[in-house]
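K.L.:
Questions regarding the structure given below will be posed in turn.
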Amino acid sequence: MEAKRNKIRHLSWLYVIIAAMVMSLIVGCSNSDSVTKNVVAQSEKTNNNKKSSAIKGDTRTVKDAYGEVEVPTQASRIVVLDIGALDNLLEMGITPVGAPSILKIGDPYPAYLKGTKGIENIGSVNEPNLERIHALKPDLILGNKDTHDAIHVQLKQIAPTVFVETLGVTWKENLQLHAEAVNKQNQGTQLLRTYQDRIDKLKSGLAGKKAKQISLIRPREDKIQVYLKETFAGTVMNDAGIARPASQQGDGFSKDITEEQITDLDGDLILWFNREPDAFDKLSNRPLWSTLQAVQQHAVQPVDWEYWMSGLGIQAVNKIIDDLNRFLIH
Amino acid sequence: MNSKWGHKLTGLAILLSLTLLMFFFSILFGIAQISWESISKAIYSFDGSREQLIIRTVRFPRAMIAVFVGSSMAVAGCMMQALTRNALAGPELFGINYGAALTSVIASFILGTTSLQLFAGSSIIGAAVAGSLVFLLSSTGRQPLTSMKLVLAGSTLNLLFASLTQGILILHEQSLDTLRFWLAGSLTGRSMDLFFQIMPILLIGLICSLLMGRQLNIMNLEKEVAQGLGQQLRGTRIVCILIIVLLTGGAVALAGPIGFIGLAVPHIARLLIGNNYVWIVPYTAVLGALLLLIADIGARFVLPHQEVPVGIVTAFFGAPFLMVLAQRKGGMK
Numbered sequence: 023m024e025a026k027r028n029k030i031r032h033l034s035w036l037y038v039i040i041a042a043m044v045m046s047l048i049v050g051c052s053n054s055d056s057v058t059k060n061v062v063a064q065s066e067k068t069n070n071n072k073k074s075s076a077i078k079g080d081t082r083t084v085k086d087a088y089g090e091v092e093v094p095t096q097a098s099r100i101v102v103l104d105i106g107a108l109d110n111l112l113e114m115g116i117t118p119v120g121a122p123s124i125l126k127i128g129d130p131y132p133a134y135l136k137g138t139k140g141i142e143n144i145g146s147v148n149e150p151n152l153e154r155i156h157a158l159k160p161d162l163i164l165g166n167k168d169t170h171d172a173i174h175v176q177l178k179q180i181a182p183t184v185f186v187e188t189l190g191v192t193w194k195e196n197l198q199l200h201a202e203a204v205n206k207q208n209q210g211t212q213l214l215r216t217y218q219d220r221i222d223k224l225k226s227g228l229a230g231k232k233a234k235q236i237s238l239i240r241p242r243e244d245k246i247q248v249y250l251k252e253t254f255a256g257t258v259m260n261d262a263g264i265a266r267p268a269s270q271q272g273d274g275f276s277k278d279i280t281e282e283q284i285t286d287l288d289g290d291l292i293l294w295f296n297r298e299p300d301a302f303d304k305l306s307n308r309p310l311w312s313t314l315q316a317v318q319q320h321a322v323q324p325v326d327w328e329y330w331m332s333g334l335g336i337q338a339v340n341k342i343i344d345d346l347n348r349f350l351i352h
Numbered sequence: 004m005n006s007k008w009g010h011k012l013t014g015l016a017i018l019l020s021l022t023l024l025m026f027f028f029s030i031l032f033g034i035a036q037i038s039w040e041s042i043s044k045a046i047y048s049f050d051g052s053r054e055q056l057i058i059r060t061v062r063f064p065r066a067m068i069a070v071f072v073g074s075s076m077a078v079a080g081c082m083m084q085a086l087t088r089n090a091l092a093g094p095e096l097f098g099i100n101y102g103a104a105l106t107s108v109i110a111s112f113i114l115g116t117t118s119l120q121l122f123a124g125s126s127i128i129g130a131a132v133a134g135s136l137v138f139l140l141s142s143t144g145r146q147p148l149t150s151m152k153l154v155l156a157g158s159t160l161n162l163l164f165a166s167l168t169q170g171i172l173i174l175h176e177q178s179l180d181t182l183r184f185w186l187a188g189s190l191t192g193r194s195m196d197l198f199f200q201i202m203p204i205l206l207i208g209l210i211c212s213l214l215m216g217r218q219l220n221i222m223n224l225e226k227e228v229a230q231g232l233g234q235q236l237r238g239t240r241i242v243c244i245l246i247i248v249l250l251t252g253g254a255v256a257l258a259g260p261i262g263f264i265g266l267a268v269p270h271i272a273r274l275l276i277g278n279n280y281v282w283i284v285p286y287t288a289v290l291g292a293l294l295l296l297i298a299d300i301g302a303r304f305v306l307p308h309q310e311v312p313v314g315i316v317t318a319f320f321g322a323p324f325l326m327v328l329a330q331r332k333g334g335m336k
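Residue numbers (the working numbering), protein chains in the order written: chain A, 23 to 352; chain B, 4 to 336.
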């Protein structure tokens, strides 16, 4: 009996050790996050006692992806749920009180955006933290239906929400709706007009030159993504009348290809961005890469994924036009 | 006796030639069009053209990896089924698949990269750690290393590793996509260098397992009978675990944890050849290569103009197989 018990104890020690290892691993991975979560939860408690002190001023009606919304005439505490809205608001001189990181909670905001200091991090674009948003006591929330449809009801209970339909290809409509939501319609229109001027200038600059086909790709660890016309950057290039390789003229967002289809990447100029650090090196080290015409002519340029892929606002658009000018005109 | 040997050898020869045929098909068929002539040109008069580069740097490594990974996974499953005397055993049951996956995920979490080289190195370590943990856990108690203990320790650890892997992936969203693809199991984008680094491990494992047939036969007898025949069960089991770690670790390192090959193939081999492990092991090895080659060719054509991970194809055919098996045999043989 005694011996058996010892044996059981012996066994269970092994399990205890494994469990301890496991626990320390989990805690080690997540401690920073849970600490801040506690702080938020506490500050929220104190806020609840004070009761919301939002001033009931005049309101305006804005039409968003769900219907008509009553928003404050001049919202002062705005929370944005995506980088496109953050980008647009900053351009119009408004600093939101809360905004998400692109990928992971706490990541810095895109480097191309200026004046993000002091903006409270509310999680990632895909997983915004409702408690944090609530704790910020916003009087307006800007999001998009595509990503945040599931939490629209909860968000509405926190503050008036203005949702655009989706991100990316609709960036012009989004800018207009954002401008309307913050009562800066004229500025929104002006920004779009400036954009059109810049596009026209780029077009006339290109008119005298031999047309170049631009390939836009994103190498990844397991595949290569070819960016098609219905992407954020694709719309800008389309507006400027820039030709794309035959393989990249389809509608849709992107196409996954493997190394065998490497000819789909070719063009007069290859622009690439990646988020996985080694993905491009892996591709460019392969023997097949050097069979591409653009590679042989050294017409391969890295571009910044933060605004070519994830920016989705007017500042990102302007940065893309800067790049295109640099690559194609000068 | 002699004619029986003859039949069995003929069967093996037929399977081998089928495998060879599939090997050529694997080089011939794909999204990019390749002609027969350019295959022979790529071998005998290589000129660096795009078509020949595809054959040499994409299709050929891929076919080689399919052969070795398929064989190794299948033989590892075969050894496990013999070791645990459980017809439903496979590399999944031993925690080795997910042990390898877990270390890869941890390594990429800490180092912040997701290169295949890193996955390969860390998954071999993970397989070894998982194998030793299974061994350690099932060595405790009065009757060490019984089939039941191995199964329990293995499946418990597998669940533990799987949940830890998921947990880390949730915290580490950036590499989620890459890892998800890797975890499904795939043969694309592997270079010949990586293959040559891992191949010796697999080769050693395969050769050792081919020499183990007689011991596996005895191990499959009742324990008392085996001991009566003078078999050192403990020693055999340790060697088995070592071989399983080599085969699974190496295969996962190359292709990720491809499922169901290890479970299904030994059964097909038994259907063809009976219950003698001296024959089951070589049949399993060849059949594993053959089936993974076929599954990998299938993976190129399931969706138009796009490939799916081969692990999904094997799971698609393997899952119904598992259900039939579980119903017929009730798990134990």
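Don't be surprised by glycine CBs; every beta carbon is placed ideally from N, CA and C. Since this is a predicted model, take the numbers as computed values, not measurements.
Would a C-beta distance cut-off of 7 angstroms place A/Asp273 and A/Glu298 closer than the cut-off?
P.N.:
Mapped onto the first sequence, residue 273 of chain A falls at position 251. Mapped onto the first sequence, residue 298 of chain A falls at position 276. Against a cut-off of 7 angstroms, the Cβ pair of A/Glu298 and A/Asp273 comes out as no contact.
K.L.:
Per DSSP, which residues does A/Pro150 bridge with? Please list them.
P.N.:
Indexing the first sequence from 1 puts residue 150 of chain A at position 128. A/Pro150 is bridged to A/Gly145.
K.L.:
In whole angstroms, what separates the C-alpha of A/Asn340 from that of B/Ser43?
P.N.:
Counting from one through the first sequence, the residue named residue 340 of chain A turns up at place 318. Counting from one through the second sequence, the residue named residue 43 of chain B turns up at place 40. Going by the C-alpha atoms only, they are around 52 angstroms apart.
K.L.:
Nearest to A/Glu153 by CA position, among A/Lys139, A/Thr138, A/Ile173, A/Asn205, is which residue?
P.N.:
Sequence index remark: in the first sequence, residue 153 of chain A carries index 131 (1-based). The candidate whose alpha carbon is nearest that of A/Glu153 is A/Ile173.
K.L.:
Am I right that B/Ala79 and B/Pro94 are in contact with their C-beta atoms under 8 angstroms? What's the rounded C-beta distance?
P.N.:
Here residue 79 of chain B refers to the residue found at position 76 when the second sequence is read from its first residue. Here residue 94 of chain B refers to the residue found at position 91 when the second sequence is read from its first residue. Yes, they are in contact, since the Cβ atoms of B/Ala79 and B/Pro94 sit about 5 angstroms apart, within 8 angstroms.
K.L.:
Excluding sequence positions up to five away, which residues of its chain have a Cβ less than 7 angstroms from the Cβ of A/Ala321?
P.N.:
The count along the first sequence starts at 1 and reaches residue 321 of chain A at position 299. Within the same chain, A/Ala321 has close Cβ partners Asp290, Leu291, Ile292.
K.L.:
Measuring alpha carbon to alpha carbon, tell me which residue in A/Arg348, A/Ser332, A/Ile351, A/Asp344 is nearest A/Tyr217.
P.N.:
Taking the first residue of the first sequence as 1, we reach residue 217 of chain A at position 195. It is A/Asp344.
K.L.:
Below 6 angstroms CB to CB, which residues in the same chain sit around B/Ala66 once its five sequence neighbours on both sides are set aside?
P.N.:
Translated into the one-based positions of the second sequence, residue 66 of chain B becomes position 63. So the qualifying residues of the chain are Phe26, Ser29, Ile30.
K.L.:
Decide if the stretch 136-146 of chain A is in contact with the stretch 115-125 of chain A; the criterion is three or more beta carbon pairs, one per stretch, under 8 angstroms apart.
P.N.:
Segments in contact, yes.
K.L.:
Based on DSSP bridge pairs, tell me the residues matched to A/Lys277.
P.N.:
Within the first sequence, residue 277 of chain A is the residue found at index 255, counting from 1. Note: A/Lys277 sits in a beta bridge opposite A/Val248.
K.L.:
Okay, do the stretch 121-130 of chain B and the stretch 205-224 of chain B touch, 3+ Cβ pairs below 8 angstroms being the bar?
P.N.:
No, because fewer than three Cβ pairs between the stretch 121-130 of chain B and the stretch 205-224 of chain B fall closer than 8 angstroms, the two stretches do not touch.
K.L.:
Determine the DSSP secondary structure at A/Ala262, reduced to helix, strand or coil.
P.N.:
Here residue 262 of chain A is taken as the residue at index 240 of the first sequence, counted from 1. Three-state result, A/Ala262: coil.
K.L.:
If you draw a straight line from the C-alpha of A/Ile163 to the C-alpha of B/Leu205, how long is it?
P.N.:
Sequence index remark: in the first sequence, residue 163 of chain A carries index 141 (1-based). Sequence index remark: in the second sequence, residue 205 of chain B carries index 202 (1-based). So the alpha carbons of these two residues sit roughly 57 angstroms apart.
K.L.:
Which of the three DSSP states is assigned to B/Glu54 in this structure?
P.N.:
By 1-based counting over the second sequence, the position of residue 54 of chain B is 51. Note: B/Glu54 maps to helix in three-state DSSP.
K.L.:
Take the Cβ of B/Gly321 as the centre, count every other Cβ of all protein chains shown within 10 Å, and call the residue buried at 16 or more, exposed below.
P.N.:
As a first step, residue 321 of chain B is located in the second sequence; it is residue number 318 there, counting from the start. The residue is buried, with at least 16 neighbouring Cβ atoms inside 10 Å.
K.L.:
So if I threshold CB-CB distances at 7 angstroms, which residues from the stretch 19-49 of chain B count as touching chain A?
P.N.:
Taking 7 angstroms as the Cβ-Cβ cut-off against chain A, the residues of the stretch 19-49 of chain B that qualify are Gly33, Ile34, Ala35.
K.L.:
Quick one: using the 10 Å Cβ neighbour count with 16 as the cut-off for buried, is B/Ala329 buried or exposed?
P.N.:
Taking the second sequence and counting its residues from 1, one reaches residue 329 of chain B at position 326. It counts as exposed.
K.L.:
From what residue to what residue does the alpha helix (DSSP H) around B/Ser48 run?
P.N.:
Translated into positions along the second sequence, residue 48 of chain B becomes position 45. No alpha helix (DSSP H) holds B/Ser48; DSSP gives it neither H nor E.
K.L.:
Specify the secondary structure class of B/Leu213 as computed by DSSP and reduced to three states.
P.N.:
The residue labelled residue 213 of chain B in the question sits at position 210 within the second sequence. The answer is helix: DSSP assigns B/Leu213 an H, G or I state.
K.L.:
If A/Asp109 sits next to A/Ile336, beta carbons under 8 angstroms apart, how far is it from one beta carbon to the other, in whole angstroms?
P.N.:
Mapped onto the first sequence, residue 109 of chain A falls at position 87. Mapped onto the first sequence, residue 336 of chain A falls at position 314. Contact flag correct, Cβ pair sits at about 7 angstroms.
K.L.:
Over the uninterrupted alpha helix (DSSP H) stretch that includes B/Thr287, give me the two end residues.
P.N.:
Residue 287 of chain B sits at position 284 when you count from the first residue of the second sequence. Element bounds for B/Thr287: 280-302.
K.L.:
Which residues, in order along the stretch 193-219 of chain B, keep a beta-carbon less than 8 angstroms from a beta-carbon of chain A?
P.N.:
Listed in sequence order: Ser194.
K.L.:
What is the residue span of the beta strand (DSSP E) that A/Pro241 lies within?
P.N.:
On the first sequence, residue 241 of chain A is found 219 positions in, with the first residue counted as 1. Its beta strand (DSSP E) spans residues 236-241.
K.L.:
When the Cα of B/Gly238 is compared with those of B/Phe49, B/Ile34, B/Trp8, B/Leu86, which residue comes out closest?
P.N.:
In the second sequence, residue 238 of chain B corresponds to position 235, counting from 1. Answer by Cα proximity: B/Leu86.
K.L.:
Taking 7 angstroms as the cut-off, decide whether the C-beta atoms of B/Ala302 and B/Val289 are in contact.
P.N.:
Translated into positions along the second sequence, residue 302 of chain B becomes position 299. Translated into positions along the second sequence, residue 289 of chain B becomes position 286. Result no, Cβ atoms of B/Ala302 and B/Val289 do not sit closer than 7 angstroms.
K.L.:
Which chain A residues sit within Cβ distance under 7 angstroms of B/Phe184?
P.N.:
Position 181 of the second sequence, counted from the start, is the residue given in the question as residue 184 of chain B. Those are Asp244, listed as they occur along chain A.
K.L.:
Go through its chain and collect everything with a Cβ distance to A/Lys78's Cβ below 6 angstroms, but skip five positions before and after it.
P.N.:
In the first sequence, counting from the first residue as 1, residue 78 of chain A sits at position 56. Caution is warranted here: a pLDDT of 49 is assigned to A/Lys78, below 50, making its placement in the model unreliable, and the coordinate value is therefore given only provisionally. Counting only Cβ-Cβ distances below 6 angstroms, and skipping sequence neighbours, we find nothing.
K.L.:
In the DSSP assignment, find the alpha helix (DSSP H) that holds A/Trp193 and state where it starts and stops.
P.N.:
Along the first sequence, one-based indexing puts residue 193 of chain A at 171. Counting along the chain, the alpha helix (DSSP H) containing A/Trp193 begins and ends at 193-203.
K.L.:
With 8 angstroms as the limit, tell me which residues of the stretch 147-158 of chain B have their beta carbon closer than that to any beta carbon of chain A; keep them in chain order.
P.N.:
Residues: none.
K.L.:
Excluding sequence positions up to five away, which residues of its chain have a Cβ less than 7 angstroms from the Cβ of B/Ile201?
P.N.:
To locate residue 201 of chain B, count along the second sequence from 1; it is residue 198. Excluding sequence neighbours, B/Ile201 sits near Ala123, Gly253, Ala256, Leu257.
K.L.:
Identify the continuous alpha helix (DSSP H) that holds A/Lys167 and give its terminal residues.
P.N.:
Here residue 167 of chain A corresponds to residue number 145 of the first sequence, with the count starting at 1. 167-170 is the extent of the alpha helix (DSSP H) around A/Lys167.
K.L.:
For B/Pro260 versus B/Asn100, is the C-beta distance shorter than 7 angstroms?
P.N.:
Within the second sequence, numbered from 1, the residue matching residue 260 of chain B stands at position 257. Within the second sequence, numbered from 1, the residue matching residue 100 of chain B stands at position 97. Against a cut-off of 7 angstroms, the Cβ pair of B/Asn100 and B/Pro260 comes out as a contact.
K.L.:
According to DSSP, is A/Thr183 part of a helix, a strand, or is it coil?
P.N.:
The residue given as residue 183 of chain A occupies position 161 in the first sequence. Of the three classes helix, strand and coil, the one that applies to A/Thr183 here is strand, per DSSP.
K.L.:
Quick check on B/Thr143: does DSSP put it in helix, strand or coil?
P.N.:
Looking up residue 143 of chain B in the second sequence gives position 140. Correct three-state label for B/Thr143: coil.
K.L.:
Does the beta-carbon distance from A/Val186 to A/Asn166 come in below 7 angstroms?
P.N.:
Indexing the first sequence from 1 puts residue 186 of chain A at position 164. Indexing the first sequence from 1 puts residue 166 of chain A at position 144. It is a contact, given that the beta carbons lie within the stated cut-off.
K.L.:
Going by other Cβ atoms of all chains shown within 10 Å of its Cβ, with 16 needed for buried, is A/Lys304 buried or exposed?
P.N.:
In the first sequence, counting from the first residue as 1, residue 304 of chain A sits at position 282. Buried: at least 16 other Cβ atoms inside 10 Å.
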